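Undergrad: Can you keep this structure in mind? I'll have questions shortly.
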Amino acid sequence: MKTPRPDTRLKSLINLRNLKMARSAHAFVRGNTAQFYEWLHSQSGRRLPSGPPVWICGDCHAGNLGPTGDSRGRIDMHIRDLDQAVIGNPAHDLVRLGLSLATAARGSDLPGVTTARMLEEMMQGYEEAFMGDDDEEPDRPAQVKAGMRSAVQRTWKHLAKERFEGTQPTIPLGKHFWQLSRAERDAIKELCETPEIHALVTSLKGRSQDDRVRLLDSAYWVKGCSSLGLLRYAVLMGVGDEEDEEFCLLDVKEAVAAAAPRTARARMPRDNGKRVVEGARNLSPGLGSRMVAVRMLDHSFFIRELLPQDMKLELDELTEQEAMQAAAYLAKVVGNAHARQMDLATRAAWIRDLQSNRSDTLDAPSWLWSSVVQLVGSHEQGYLEHCRRYAL
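Under my numbering, the first residue of the sequence shown carries the number 27, and numbering increases by one thereafter.
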């Protein structure tokens, strides 16, 4: 397959992003971050309660949560995409997750009352994270159980089969990997010779800081949806002596200014790569410990080694019971990420705020329900218009 030249790739990436967003209403919600942030800045968005300023995901849809591994080989569910991480209002993550879950329910053709019950379960799961009782986590829905089971069983061979055409130490150009410019190739070669990269790839359990590290191959990586158009590279490296060399795959992703609203005068790193890494270390410490921020080609980047256990969670064809279980479970994952940044007094005050403004018929904040209903409607309209423009 002939891949676009580096100087012509942007148009192809934008076309691909538009087609991906046209696949389903849920794909449109995941990819269309701009519409959500515009709503947050609107009069309706400004009516949300002001939660305690903590690091938030900023783009907290269900697809940005999933199994991740840490440097010691442990696996758990975490927020896995931190591009939009800022110190901000945790209510924004709740609304974004609620919108994502409601859209997934509509995609599974579930009745509207299920969406209301999902928001109730979502709030219960989120609030449980603040009680400090990790022994009573909500039941894992079938999709989460399957994802965790697959994550535990995955090895480098599984990752190579998924990403490449074989287990040989090369990156085949084609649909997912495109050619680099000479400047990009030289910059990546220079990057891989730095102490920061050596420390990153030798930090995993079972590797030694004295291991040899060498660059094997690299390519432009066509990955994601809302981030298509940014610079992103796959870098394949070898670790250790030649006779028992391990392979590792680095995800080198450009970091740009976050569109997610941030708390005024919040102290965050000015460099966007460092902001993403700092957000990850607060929200998903196991993932954050495997990341590093760098500058390359006059752009800011963040880098992580992609482990076989790092997987995207797919919520497709949900039953009513699975939908409610997923809402509770994923909300507790988000709640854990928020709660670990708060002291006991702040936790208690935030929970009191969340437990107010509830009606007799819905055990969830009225602002959450009205926000999700409004956003589902506007995104449905936006999705149909998007399909007319780009998919016909």
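Glycine included, each C-beta is placed from N, C-alpha and C at the ideal position. Here the structure is a predicted model, which is why all the values come from computation and not from measurement.
Under 8 Å between the Cβ atoms of His118 and Ser310?
TA: By one-based count along the sequence shown, residue 118 stands at place 92. By one-based count along the sequence shown, residue 310 stands at place 284. No. Outside cutoff.
Undergrad: Do Ala245 and Leu323 have their CB atoms nearer than 8 Å?
TA: Taking the sequence shown and counting its residues from 1, one reaches residue 245 at position 219. Taking the sequence shown and counting its residues from 1, one reaches residue 323 at position 297. Against a cut-off of 8 Å, the Cβ pair of Leu323 and Ala245 comes out as no contact.
Undergrad: Name the one or two DSSP bridge partners that Met322 has.
TA: Locating residue 322 in the sequence shown gives position 296, where the first residue counts as 1. DSSP output for Met322 lists His325 as bridge partner(s).
Undergrad: What residues in its chain sit with their C-beta under 8 Å from that of Leu91, if we drop five residues either side in the sequence?
TA: Along the sequence shown, one-based indexing puts residue 91 at 65. Answer for Leu91: Met103, His104, Ile105, Arg106, Leu339, Leu356, Val359, Val360, listed in chain order.
Undergrad: Which of helix, strand or coil does DSSP assign to Lys358?
TA: Taking the first residue of the sequence shown as 1, we reach residue 358 at position 332. Lys358 falls in the helix class under three-state DSSP.
Undergrad: Please classify Ile113: does DSSP put it in a helix, a strand, or coil?
TA: One-based indexing of the sequence shown puts residue 113 at position 87. If DSSP states are grouped into helix, strand and coil, Ile113 belongs with the strands.
Undergrad: By how many angstroms is the C-alpha of Glu411 removed from the C-alpha of Val80?
TA: By 1-based counting over the sequence shown, the position of residue 80 is 54. By 1-based counting over the sequence shown, the position of residue 411 is 385. The alpha-carbon atoms of Val80 and Glu411 are separated by roughly 35 Å.
Undergrad: Quick check on this structure: which residue in Ile223, Val402, Met350, Ser38 has the alpha carbon closest to the alpha carbon of Tyr152?
TA: By 1-based counting over the sequence shown, the position of residue 152 is 126. For Tyr152, the nearest C-alpha among the options comes from Met350.
Undergrad: Given this structure, state the Cα-to-Cα distance separating Ala260 from Glu269, to the nearest angstrom.
TA: Taking the sequence shown and counting its residues from 1, one reaches residue 260 at position 234. Taking the sequence shown and counting its residues from 1, one reaches residue 269 at position 243. Near 24 Å, if we compare the C-alpha coordinates of Glu269 and Ala260.
Undergrad: Pick out whichever of Val248, Leu388, Asp85 has its Cα sitting closest to the Cα of Leu36.
TA: Numbered from its first residue, the sequence shown carries residue 36 at position 10. The residue with the shortest Cα to Cα distance from Leu36 is Val248.
Undergrad: Can you confirm whether the stretch 312–322 touches the stretch 48–67 when touching is taken to mean that 3 or more C-beta pairs between the two stretches lie within less than 8 Å?
TA: Contact fails: fewer than three Cβ-Cβ distances are below 8 Å.
Undergrad: Given that a residue counts as buried once 16 or more other Cβ atoms are within 10 Å of its Cβ, and exposed if not, what is Gly403?
TA: Within the sequence shown, the letter at position 377 stands for residue 403. By the neighbour-count rule (16 or more Cβ atoms within 10 Å), Gly403 is not buried but exposed.
Undergrad: Using 8 Å as the threshold, is the C-beta distance between Val282 and Asn308 below it?
TA: Reading the sequence shown from its first residue, position 256 is the one you call residue 282. Reading the sequence shown from its first residue, position 282 is the one you call residue 308. No; because the gap between Cβ atoms is not below 8 Å, this pair is not in contact.
Undergrad: Quick one: does the C-beta of Asp212 sit closer than 7 Å to a heavy atom of the ligand NAD?
TA: Among the components modelled here there is no ligand, and therefore nothing to report on the ligand NAD.
Undergrad: To the nearest angstrom, how far is the alpha carbon of Gln205 from that of Pro198?
TA: Within the sequence shown, the letter at position 179 stands for residue 205. Within the sequence shown, the letter at position 172 stands for residue 198. Each residue's Cα considered, the two are about 10 Å apart.
Undergrad: According to DSSP, is Arg384 part of a helix, a strand, or is it coil?
TA: Within the sequence shown, the letter at position 358 stands for residue 384. In the structure shown, Arg384 sits in a strand (DSSP, three-state: E or B).
Undergrad: Relative to the C-alpha of Leu66, which candidate in Thr94, Gly138, Val398 has its C-alpha closest?
TA: Indexing the sequence shown from 1 puts residue 66 at position 40. Among Thr94, Gly138, Val398, the Cα nearest to that of Leu66 belongs to Val398.
Undergrad: Assign Ala375 to one of two classes, buried (16 or more other C-beta atoms within 10 Å of its C-beta) or exposed (fewer than that).
TA: For the purposes of this step, residue 375 is identified with residue 349 of the sequence shown, where counting begins at 1. Exposed, by the Cβ-count rule.
Undergrad: Can you tell me the Cβ-Cβ gap for Leu45 and Cys83, rounded? I've got them flagged as a contact below 8 Å.
TA: What you label residue 45 is simply residue 19 of the sequence shown in a count that begins at 1. What you label residue 83 is simply residue 57 of the sequence shown in a count that begins at 1. Incorrect: roughly 26 Å between the Cβ atoms, too far for contact.
Undergrad: When you compare only the Cα positions, how much space is there between Pro287 and Arg238?
TA: The count along the sequence shown starts at 1 and reaches residue 287 at position 261. The count along the sequence shown starts at 1 and reaches residue 238 at position 212. Roughly 43 Å separates the two Cα atoms.
Undergrad: Once you ignore the five residues that flank Ala285 on each side, which residues in its own chain have a CB closer than 6 Å to its CB?
TA: Counted from its first residue, the sequence shown places residue 285 at position 259. Result list for Ala285: Tyr63, in chain order.
Undergrad: Give the DSSP bridge partners of Ser244, in chain order.
TA: As a first step, residue 244 must be located in the sequence shown, where it is residue number 218. In the DSSP output, where bridge partners are listed per residue, Ser244 has Val261.
Undergrad: With 16 other CB atoms within 10 Å as the buried threshold, where does Gln110 fall?
TA: Against the sequence shown, residue 110 aligns to sequence position 84. With 16 or more other Cβ atoms within 10 Å, it is buried.
Undergrad: If contacts are defined as beta-carbon pairs under 8 Å, then Leu394 and Val121 qualify, I think. What distance do you get, rounded to the angstrom?
TA: Counting from one through the sequence shown, the residue named residue 394 turns up at place 368. Counting from one through the sequence shown, the residue named residue 121 turns up at place 95. Right, their Cβ atoms sit about 7 Å apart.
Undergrad: I'd like to know whether the C-beta atoms of Gly408 and Gln69 end up nearer to each other than 8 Å.
TA: Walking along the sequence shown from the start, residue 408 turns up at place 382. Walking along the sequence shown from the start, residue 69 turns up at place 43. No, Cβ-Cβ distance for Gly408 and Gln69 is not below 8 Å.
Undergrad: For Pro295, which residues from the same chain have a beta carbon less than 6 Å from its beta carbon, with the 5 sequence-adjacent residues on both sides left out?
TA: Within the sequence shown, the letter at position 269 stands for residue 295. Contacts found: Arg301, Glu304.
Undergrad: Would Asn362 be called buried (16 or more neighbouring beta carbons within 10 Å of its own) or exposed?
TA: Along the sequence shown, one-based indexing puts residue 362 at 336. When all chains shown are included, Asn362 counts as buried.
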